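Asks: So the protein sequences, as listed, match chains A and B.
Per our numbering, residue 3 is the first one in the first sequence, and the count goes up by one each step.
Per our numbering, residue 21 is the first one in the second sequence, and the count goes up by one each step.
Quick one: the structure is below, and I'll ask about it shortly.
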Amino acid sequence: MSNEKIQAGLDKYNASVEKAISRFPERPNLPEQRLYTPLDIKDTDYADEIGYPGMYPYTRGVQPTMYRGRFWTMRMYAGFSTAAESNKRYRYLIESGATGLSCAFDLPTQIGYDSDDPISEGEVGKVGVAIDSLADMEILFDQIDLGKVSTSMTINAPASVLLAMYIAVAEKQGVPADQLKGTIQNDILKEYAARGTYIFPPRPSMRLITNIFEYCSKNVPKWNTISISGYHIREAGSTASQEIAFTIADGIAYCEAAIKAGLHIDDFAGRLSFFWNAHNNVLEEVAKFRASRRVWAKVMKERFHAEKPKSMMLRVHTQTAGSMLTAQQPNNNIIRVALQTAAAVMGGTQSLHTNSRDEALALPTEESVMIALRTQQIVAYESGLADVIDPLAGSYYVEALTNKIEKEAWEYINKIDEIGGAVAAIEKGYIQKEIQDSAYKWQMDVESGAKTIVGVNKFQIEEEPPKGLLKVDASVGVAQCERLAAMKAKRDNEAVKAALADLKAACQDENENLMPHILNAVRTYATLGEICGVMREVFGEYEAHVNL
Amino acid sequence: MEKRVRVLVAKPGLDGHDRGAKVVARALRDAGFEVIYTGLRQTPEQIAEAALQEDVNVIAMSILSGAHPHLFPKVVNLVREKGMDDVLIIGGGVIPETDIPALKEAGVAEVFTPGTPTSAIVDFIKANVK
């Protein structure tokens, strides 16, 4: 059918719509277009812009067969209280069919403080597991074969230290570093912009990250050295386009830093991975995943002149949107998570964490985690969504939306380039302000009723307070401090002192790769707080400035 | 002219989730209050000191990490020790219903949980500030 014929039909349709609307007005606050036709994607070149799975620009996915070969990794993020408790949960998840581990650390660990630091009081073991030294890490992975499992660690500012501990545990298990599979989040820029667990200022932080890239490319080649994260940017309130734009801008900054440090793009780019949010609007999310792959492929090819296909593939881990869970009628969250899972799968994710229904209230119980994992398994085995690759391609709407999100992402990336790159844009507060504005608009839309959240601003009921929530007892902190004191009394304190002095000297020499020095310190059972303390002394600490 | 109500929006502890704190801060400002936001990672001592220095009428704290049973009462005690008896102290975040009675007992005037409209916080402050 020619475009003229389609247009003629559309004109006729639009006239009929006018009549219909005059009798039955449409709901307010809908997207500007009610219907999509071939005319909306008439300028989209199939071969150049959409293409084939496993081929540039990877719009349709990064592997040729996607889930027809193997499902995505069902990776449940878990960790709380002590290493022993978390180890129990990990082994439960593996027995339940989870195919990857994902470690949550408590806030003192994420910010490089030991459990006995006064600032850690009240926080030990609360949002994740407390890791003070290699001794805790040994317990965390007890009876888990690090040669077999793939482990993702949500750790950023002290990522180098936790990775070193993981390598050291593997050594003790007899697993060589080049066999280790997993990911460290290691994405400091989004910590400044959205998540808040930074330690050092941007420059030394970027050095630590490039040190890790370099070390792993030689010694831990199967390790994903960074998970460049839009997840938290979205959780902080951004739109879908902002999520991928700011994250890809961060990715550009990491590549530039690594290249400046003397690395070649194809030596590290294949180990970069991404982390997206799966939000409520199913089709917008699918389009976002597709657009993000296309933008990244173009960035790698056109901007960095990467040559290896692997360097151009945006591989992504996904988590369903925590901020969309409601404390009201928490069982409704099961349905939200199922829809978000469908979006992530139709978007072509490589791995997925599904949130549990009770996470707007507390950490999830074992039963809730099981439902969340079963949600993935039902989508994988029963829904048919995983049987055909990129099943929504060719939808006039999804293709047009993919184009629109891509266009908006480029506009932001260009704007950030004008400011001087992601680091400068964060230092100036530009990215934070954009996110805040979107968050505020969302909240106002919910309060005005322009946006409906079931159970929150519509269809509310009187509810009994929920029962059986998971609670981390305050005694966990006390017990952890006692274990730490006992460990310190047992270790060779002279060796610790020497390793920390060596690390300090290495920090002061900008040309030195810090990873081997950190690994040395970790092996002596120097604590996370001691190691980060040395780095704090040399590097200083970041101070945020907030413009409301 | 009547003095405008001054509110300190504070993030005690190590929790970096400040979407809620920033949204509330802005909503309070739009409602006509003078708002000071502390930024992340404030110790209870820093918050009490900031409240004193800024001569605020209200302290609004946000925690999503589960550290509220420890940190909220600590801030209340320090604020009262400094003689700020009239300062209204409220809190919010991911706080289980079952924890709220103990927080109120400790002197937190009201606790706002996820899903609360910002207008409810504005109304509460207007009704209770001294």
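We put the CB at the ideal spot given by N, CA and C, even for glycine.
None of the values given here were measured: they were computed from a predicted structure.
What would DSSP say about R32/B, mapped onto helix, strand or coil?
Replies: For the record, residue 32/B in the displayed sequence is Pro; it is not Arg. Reduced to three states, the DSSP call for P32/B is strand.
Asks: Hey, how far is the Cα of R554/A from the Cα of P110/A?
Replies: Residue 554/A lies beyond the range of chain A shown here (3 to 550); nothing can be said about it.
Asks: What separation, rounded to the nearest whole angstrom, lies between the Cα atoms of L28/B and E245/A?
Replies: Taking the straight line joining both Cα atoms gives about 30 Å.
Asks: If you measure beta-carbon to beta-carbon, which residues of the region 423-456 of chain A are closer than 7 Å to chain B?
Replies: The region 423-456 of chain A vs chain B, Cβ under 7 Å: Q438, A441, Y442, Q445 and E449.
Asks: Name, going along the chain, the residues of the region 82-103 of chain B whose beta-carbon falls closer than 9 Å to a beta-carbon of chain A.
Replies: Here the close residues are L84, S85, G86, A87, H88, P89, H90, L91 and K94.
Asks: Looking at the structure shown, is F132/B part of a helix, part of a strand, or coil, going by DSSP?
Replies: DSSP places F132/B in strand when its eight states are reduced to three.
Asks: Count the other CB atoms, across all protein chains shown, that sit within 10 Å of the CB of D116/A; report buried if there are 16 or more and exposed otherwise.
Replies: The residue is buried, with at least 16 neighbouring Cβ atoms inside 10 Å.
Asks: Looking at C105/A and M155/A, is the spacing between their C-beta atoms short of 8 Å?
Replies: In contact: M155/A and C105/A (Cβ atoms closer than 8 Å).
Asks: Between the region 456-474 of chain A and the region 496-505 of chain A, do at least 3 Cβ pairs fall closer than 8 Å?
Replies: As far as the Cβ criterion goes, the region 456-474 of chain A does not touch the region 496-505 of chain A, which means the pair count is below three.
Asks: State the DSSP-derived secondary structure class of Y60/A, mapped to helix, strand or coil.
Replies: Y60/A falls in the coil class under three-state DSSP.
Asks: Rounding to the nearest angstrom, what Cα-Cα distance links Q62/B and A30/B in this structure?
Replies: Cα to Cα, the separation comes out at about 7 Å.
Asks: If you scan the region 128-202 of chain A from start to end, which runs of the beta strand (DSSP E) of 3 or more residues do you find wholly inside it?
Replies: You should have 152-155 and 183-186.
Asks: Check each candidate in A308/A, A238/A, A382/A and T367/A and name the one with the smallest Cα separation from Y94/A.
Replies: Closest by alpha carbon: T367/A.
Asks: Whole angstroms is fine: what's the gap from A10/A's alpha carbon to Y79/A's?
Replies: Cα to Cα, A10/A sits roughly 53 Å from Y79/A.
Asks: Find out if the Cβ-Cβ distance for the pair V25/B, P64/B is shorter than 8 Å.
Replies: No, the Cβ-Cβ distance between V25/B and P64/B is not below 8 Å.
Asks: Using a Cβ-Cβ cut-off of 8 Å, state whether V43/B counts as contacting chain A.
Replies: Interface residue, yes.
Asks: Starting from F306/A and walking both ways along the alpha helix (DSSP H), at which residues does that stretch end?
Replies: Note, F306/A: premise wrong, no alpha helix (DSSP H); not H, not E.
Asks: Would you tell me roughly how many angstroms separate the C-alpha atoms of V114/B and L41/A, rounded to the nearest one?
Replies: So the alpha carbons of these two residues sit roughly 47 Å apart.
Asks: Interface residues of chain A around P137/B at Cβ under 7 Å?
Replies: Those within 7 Å of P137/B in chain A are E449.
Asks: Using the three-state DSSP reduction, which class does V524/A fall into: helix, strand or coil?
Replies: Helix at V524/A.
Asks: When the Cα atoms are used, what is the spatial distance from A126/B to G52/B?
Replies: Cα to Cα, A126/B sits roughly 29 Å from G52/B.
Asks: In angstroms, rounded to a whole number, what distance separates the CA positions of K183/A and D106/B?
Replies: Between K183/A and D106/B, the C-alpha separation is close to 57 Å.
Asks: Using the DSSP secondary-structure output, state which residues sit across from S275/A in a beta bridge.
Replies: Paired residue(s): S229/A.
Asks: Could you tell me which residues DSSP puts in a beta bridge with I407/A?
Replies: I407/A is not bridged to any residue.
Asks: Give me the chain B residues within the contact set of T328/A, using Cβ-Cβ distance strictly less than 8 Å, ordered along the chain.
Replies: Per Cβ cutoff of 8 Å: P134 and G135.
Asks: Out of I373/A, A546/A and E484/A, state which residue places its alpha-carbon closest to the alpha-carbon of Y432/A.
Replies: Ranking I373/A, A546/A and E484/A by Cα distance to Y432/A puts A546/A first.
Asks: Leaving out five residues before and five after T351/A in sequence, what residues of the same chain have Cβ atoms less than 6 Å from its Cβ?
Replies: The answer, listed in chain order, is W74, V318 and T320.
Asks: Taking the straight line between their C-alpha atoms, what separation do you get for V456/A and L12/A?
Replies: Those two C-alpha atoms are separated by around 35 Å.
Asks: As a quick exercise: from R100/B, Q66/B, I109/B and L48/B, pick the residue whose alpha carbon is nearest that of N77/B.
Replies: Ranking the options by Cα distance to N77/B, first place goes to I109/B.
Asks: Could you check how far apart the C-beta atoms of K128/A and D108/A are, in whole angstroms? I think they sit under 8 Å.
Replies: The pair is a contact, with the Cβ atoms about 6 Å apart (cut-off 8 Å).
Asks: Whose Cβ in chain A lies nearer than 9 Å to the Cβ of G52/B?
Replies: Result: empty, since nearest Cβ-Cβ is about 15 Å, beyond 9 Å.
Asks: What in chain B is Cβ-close to T199/A, meaning under 7 Å?
Replies: The contacting residues are G36.
Asks: Between which two residues does the beta strand (DSSP E) harbouring Q321/A extend?
Replies: Counting along the chain, the beta strand (DSSP E) containing Q321/A begins and ends at V318 to T322.
Asks: Using a C-beta to C-beta distance shorter than 7 Å, which residues of chain A count as neighbours of L28/B?
Replies: Per Cβ cutoff of 7 Å: no residues; L28/B is ~13 Å from chain A at best.
Asks: With 8 Å as the threshold, decide whether the Cβ of R39/B is near any Cβ in chain A.
Replies: Chain A contact via Cβ: present.
Asks: Can you list, in chain order, the stretches of the alpha helix (DSSP H) that have 4 or more residues and sit fully within the region 419-471 of chain A?
Replies: For the region 419-471 of chain A, whole alpha helix (DSSP H) runs of length 4 or above, ordered along the chain, are 424-429 and 432-450.
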